[in-house]
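Numbering (this note's numbering), first residue to last: 143 to 402.
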């Protein structure tokens with residue numbers, strides 16, 4: 143089993159905090175003041191030039207001879223979307239725990255906190271395309287379906303962020319909070335295009351990069367045979383100090399460009 147349920151129970155007092163106040167960002171225990179119909183007014187304020195005249199309370203005006211605007215309180219759902227990389231490169235492990243194990247537990251933790259705080263969450267699993275989709279819901283049934291999906295996931299394919307994000311963007315119907323969990327070992331143009339596609343649909347997002355320490359600093363020396371997990375090709379390499387230096391420089395450069 144990939145997901146540690148005992149670990150998740152320790153997270154129930156946590157809360158996902160957003161930085162921005164946007165159209166549907168107040169949820170569960172949060173409330174939002176807005177003009178609207180079909181709900182009781184929460185309070186009033188004086189009318190100012192440019193306000194919607196339809197919101198004026200004319201009965202109150204008849205009593206006070208002053209213009210007041212009705213303000214309504216309406217509950218808004220915080221829609222949390224989780225995009226999780228299930229490409230074959232996430233199967234890599236040098237320290238004994240695969241990258242996907244860390245990524246899946248993080249995704250499960252975000253989903254658990256969402257459900258615990260009565261927020262809706264949905265998820266997309268991707269590799270070179272969108273592999274699976276879990277539609278928005280705040281039900282516990284949806285959460286356990288997600289856990290079952292993570293525990294049965296087979297990692298395969300290359301990483302194609304732009305294609306996957308374009309497919310998933312159709313499932314984002316309102317301004318939302320998006321978490322992207324991946325090693326981001328993809329072409330930078332594909333990453334940028336994917337992030338741009340996602341940014342058009344969400345109000346706030348976080349990209350979380352999962353890498354093994356051996357991918358940051360090669361632990362091997364001299365002759366070594368590498369296996370490309372996504373292309374399934376072997377390549378023999380002789381690792382020298384100069385090779386190490388150039389490799390680490392390119393990795394740092396890629397990470398910095400992903401962060402930008």
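The C-beta atom is built at its ideal place from N, Cα and C for all residues, glycine as well. From a predicted model like this one, the values you see are computed outputs, not experimental measurements.
Taking 8 Å as the cut-off, the beta carbon of residue 266 is found no closer than this to the beta carbon of residue 220. Closest by C-alpha distance to residue 348, out of 229, 187 and 321, is 321. With fewer than three CB-CB distances shorter than 8 Å, the segment 233 to 244 does not count as touching the segment 300 to 319.
The C-alpha of residue 270 lies about 26 Å from the C-alpha of residue 378. Going by DSSP, residue 309 is part of the alpha helix (DSSP H) stretching over 303 to 310. Closest by C-alpha distance to residue 303, out of 149, 281, 284 and 335, is 335. With distances taken between CA atoms, residue 189 lies nearest to 209 out of 395, 202, 209 and 200.
Contact between residue 153 and residue 254 holds, since their C-beta atoms are separated by about 6 Å, short of 8 Å. The alpha carbon of residue 352 has as its nearest neighbour, out of 149, 228, 380 and 211, the alpha carbon of 228. Residues 381 of the same chain have their beta carbon placed closer than 6 Å to that of residue 363, with the five preceding and five following residues left out of the count. Counting only the Cα atoms, residue 366 lies some 43 Å from residue 346.
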